[in-house]
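Student:
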Amino acid sequence: GPNIGHTWCEGLVNYYFITGDRRAYDVALEVGEYSLGAPAGTVQSYFDKYARHENPVHHFSRSPSNAYRNCLKCYEMTGEKRWKDEAMRWRSHFLDHSPHYLQMQPATFHVTTYLVRTLALDYHIFGDKRVGEELVRIARSFETGDFARQPAWTAFLDQVKAGSGRLHLLGL
Numbered sequence: 009g010p011n012i013g014h015t016w017c018e019g020l021v022n023y024y025f026i027t028g029d030r031r032a033y034d035v036a037l038e039v040g041e042y043s044l045g046a047p048a049g050t051v052q053s054y055f056d057k058y059a060r061h062e063n064p065v066h067h068f069s070r071s072p073s074n075a076y077r078n079c080l081k082c083y084e085m086t087g088e089k090r091w092k093d094e095a096m097r098w099r100s101h102f103l104d105h106s107p108h109y110l111q112m113q114p115a116t117f118h119v120t121t122y123l124v125r126t127l128a129l130d131y132h133i134f135g136d137k138r139v140g141e142e143l144v145r146i147a148r149s150f151e152t153g154d155f156a157r158q159p160a161w162t163a164f165l166d167q168v169k170a171g172s173g174r175l176h177l178l179g180l
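Numbering (my numbering), first residue to last: 9 to 180.
1) Quick one: grab the DSSP three-state call for TRP16.
2) How would you label LEU180, buried or exposed, when you count the other beta carbons within 10 angstroms and need 16 or more for buried?
3) Determine the burial state of ASP166: buried for a count of at least 16 other Cβ atoms within 10 Å of its Cβ, exposed for fewer.
4) Count the other CB atoms within 10 Å of the CB of LYS89; is the residue buried (16 or more) or exposed (fewer)?
5) Our contact map puts TYR76 next to TRP98 with C-beta atoms below 8 angstroms; I'd like the distance itself, whole angstroms only.
6) Which first and last residues belong to the alpha helix (DSSP H) in which ASP104 is found?
7) For GLY140, does the three-state DSSP call read helix, strand or coil?
So, in structure tokens, the structure goes:
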């Protein structure tokens, strides 16, 4: 079945904004519903599945970032409170666990390829001070070299070099 790690509605939402195409709007909302664990609550919400997982590594894969981003884009498109509420759950989760996710191997990949873009979108939409501070903190960790010195990051790069992860490192 579908994998939330490969499910984005951003292009559909942007296409809708540019063209007004109603089909793009409807399909983007369908993807967003999937991010919520819908249709009609038939699937456990992705927030409950990932953010409450007993293994914290699962908190910081691309899937949570994509669900967060899908909710932001659906909110941007519709202005509906339910999308904002779910996005705020994700935001709180990520901010409450900062800076711990930089210390986990899968999370370093997550931060460099998914989370920064999603936090930037959140900041663009809402202008939240904590989100802005988190983006600055992550940027400073790159600038000072702290991020590159994380054992999890060097282990991740070694894994990428040994396998087929080069495209994923680029966010593709």
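Positions of the beta carbon are idealized from the N, C-alpha and C atoms, including for glycine.
Tutor: Concretely, from the data shown:
1) TRP16 carries a coil assignment under DSSP once its states are collapsed to helix, strand and coil.
2) Its pLDDT being 44, under 50, LEU180 is placed unreliably in this model, and the coordinates cannot settle the point.
3) Exposed, because fewer than 16 other Cβ atoms sit within 10 Å of the Cβ of ASP166.
4) exposed
5) Between TRP98 and TYR76 the Cβ distance is about 4 angstroms, and since that is below 8 angstroms, they are a contact.
6) Its alpha helix (DSSP H) spans residues 89 to 104.
7) helix
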